[in-house]
Amino acid sequence: MTGIAIMGIMGAVAAPSFSDLIDAQRAKGAASDIFTSLLRTRSEAIKRNAPVTMTPAEGGWAAGWSVAHPTNDDVLLEDRGAVNGVTVSGPDSVTFLPNGRLSGSDAPAFDVAAAGADKHRCIEVDLSGRPYQTPEACPE
């Protein structure tokens with residue numbers, strides 16, 4: 001009986017840290033998916049020698065995103081579904097030019113946060129087109 005009581009107490013103490021771990025992994029996984037898609041979009045722009053754009057789904061970045069073929073909008077190079085358990089804030093779209101640089105003069109940033117927790121990841125793209133990721137909220 002004593003052993004079972006001790007196990008119950010240990011489980012009750014460990015449960016909150018496990019939920020924090022799960023939230024952090026959700027944010028990290030979603031951020032990695034966005035990071036990988038940005039790299040692919042840039043690579044496709046260079047490979048096809050044409051501007052390629054990554055756009056969010058109708059419900060925003062957390063609802064998914066897609067990368068359209070530069071000359072045929074009916075063909076998707078990538079189509080990602082919804083990312084569950086996180087909120088994502090980011091630009092309206094990200095366009096890479098044929099030289100791999102960003103279109104425009106504003107460097108986009110994506111803030112990925114685990115829903116209901118303070119775990120954030122920031123994916124920023126510098127003007128040269130190179131994305132990078134940090135384990136904290138994006139600066140405002």
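Just so you know, we're using UniProt numbering here: the sequence shown kicks off at 1 and counts up by one. Built from N, CA and C at the ideal position, the CB exists for glycine as well. None of these values were measured; they are calculated from a predicted model.
Where do the N-terminal and C-terminal ends of the beta strand (DSSP E) with residue i fall, by residue?
i, result
"VAL67", "60 to 68"
"LEU97", "Taken as a continuous stretch (DSSP letters only), LEU97 belongs to no beta strand (DSSP E), as it is neither H nor E."
Does DSSP classify residue i as helix, strand or coil?
i, result
"ASP33", "helix"
"GLU44", "helix"
"SER89", "strand"
"ASP20", "helix"
"ALA27", "helix"
"THR2", "helix"
Would you kindly work out how many angstroms separate the C-alpha atoms of residue i and residue j, rounded to a whole number?
i, j, result
"THR71", "GLU78", "15 angstroms"
"ASP20", "VAL112", "15 angstroms"
"LYS47", "ARG40", "10 angstroms"
"ALA68", "HIS120", "28 angstroms"
Answer yes or no: the CB of residue i versus the heavy atoms of the ligand ADP, is any distance below 8 angstroms?
i, result
"THR53", "As presented, the structure is devoid of all ligands, the ligand ADP included, so that no description of it is given."
Around the Cβ of residue i, are there at least 16 other Cβ atoms within 10 angstroms (buried) or fewer (exposed)?
i, result
"LEU127", "exposed"
"VAL125", "buried"
"GLY59", "exposed"
"ALA82", "exposed"
From the beta carbon of residue i, is the nearest beta carbon of chain B less than 9 angstroms away?
i, result
"PRO70", "No chain B appears in this structure, which consists of one protein chain only."
I think residue i touches residue j, with their Cβ atoms under 8 angstroms apart; what is that distance to the nearest whole Å?
i, j, result
"PRO51", "SER103", "6 angstroms"
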